[in-house]
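Beneath this line is the structure, given in structure tokens, with notes to follow.
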Amino acid sequence: MKYILTEDQLEKLLKASLKRHSKDPESNITSGMFNFDGFIVKYSVSIRGDGYVYANYTYQGQRFKVHIMSEENFIQLDKKEQENSVEFRIKKDIEKKSK
498 MKYILTEDQL
508 EKLLKASLKR
518 HSKDPESNIT
528 SGMFNFDGFI
538 VKYSVSIRGD
548 GYVYANYTYQ
558 GQRFKVHIMS
568 EENFIQLDKK
578 EQENSVEFRI
588 KKDIEKKSK
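523 is the number that this note's numbering gives to position 26 of the sequence shown; each next residue is one higher, with no gaps.
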């Protein structure tokens with residue numbers, strides 16, 4: 498018996514499989530905070546409909562948004578790696594905006 502899948506169906510199956518087989522599917526972080534140059538940076542993580550992860554963060558009273566990575570890559574990371582990735586991208590974005 499053969500099955501014929503459309504490209505959209507295959508993509509949905511691959512995403513579902515990634516979520517099902519990720520290291521810790523419930524570990525996705527949603528928010529956090531860290532200290533950067535004496536300022537507290539608060540952030541929240543969101544996954545947009547286009548399949549990419551973004552962080553909204555507050556630094557020195559101003560709000561910013563930064564792209565983190567694709568959802569597929571993000572969900573494969575454990576919680577600590579996710580936190581490190583988000584903090585790294587935010588720090589790079591702050592440094593870039595500070596120049």
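For every residue, glycine included, the Cβ atom is placed at its ideal position computed from N, Cα and C.
So residue i packs on residue j, CB below 8 Å; how close in whole Å?
| i | j | result |
| --- | --- | --- |
| Asn-532 | Ser-543 | With a Cβ gap of about 23 Å, Asn-532 and Ser-543 do not count as contacting. |
Can you give me the C-alpha to C-alpha distance between residue i and residue j, rounded to a whole angstrom?
| i | j | result |
| --- | --- | --- |
| Asp-547 | Phe-585 | 22 Å |
| His-564 | Thr-555 | 15 Å |
| Thr-503 | Leu-510 | 11 Å |
| Gly-558 | Lys-577 | 26 Å |
| Tyr-549 | Ser-541 | 14 Å |
| Glu-523 | Phe-571 | With a pLDDT of only 43 at Glu-523, under the threshold of 50, the placement of this residue in the model should not be trusted, and no figure is reported. |
| Ser-582 | Gln-573 | 12 Å |
| Met-566 | Tyr-551 | 7 Å |
| Lys-539 | Ile-587 | 10 Å |
| Ala-513 | Asp-505 | 12 Å |
| Leu-507 | Ile-501 | 10 Å |
| Gly-535 | Lys-589 | 16 Å |
According to DSSP, is residue i helix, strand or coil?
| i | result |
| --- | --- |
| Lys-539 | strand |
| Gln-579 | helix |
| Ile-544 | strand |
| Pro-522 | Model confidence at Pro-522 stands at a pLDDT of 43, short of 50, so the residue's coordinates are unreliable and nothing is read from them. |
| Gln-557 | coil |
Report all residues from its chain with a CB closer than 7 Å to the CB of residue i; omit the five preceding and five following residues, and keep chain order.
| i | result |
| --- | --- |
| Ile-537 | Met-530 |
| Ile-591 | Phe-533 and Tyr-556 |
Less than 8 Å between C-beta atoms, sequence neighbours within five positions excluded: which residues of the same chain meet that for residue i?
| i | result |
| --- | --- |
| Lys-594 | Phe-561 |
| Arg-545 | Tyr-551 |
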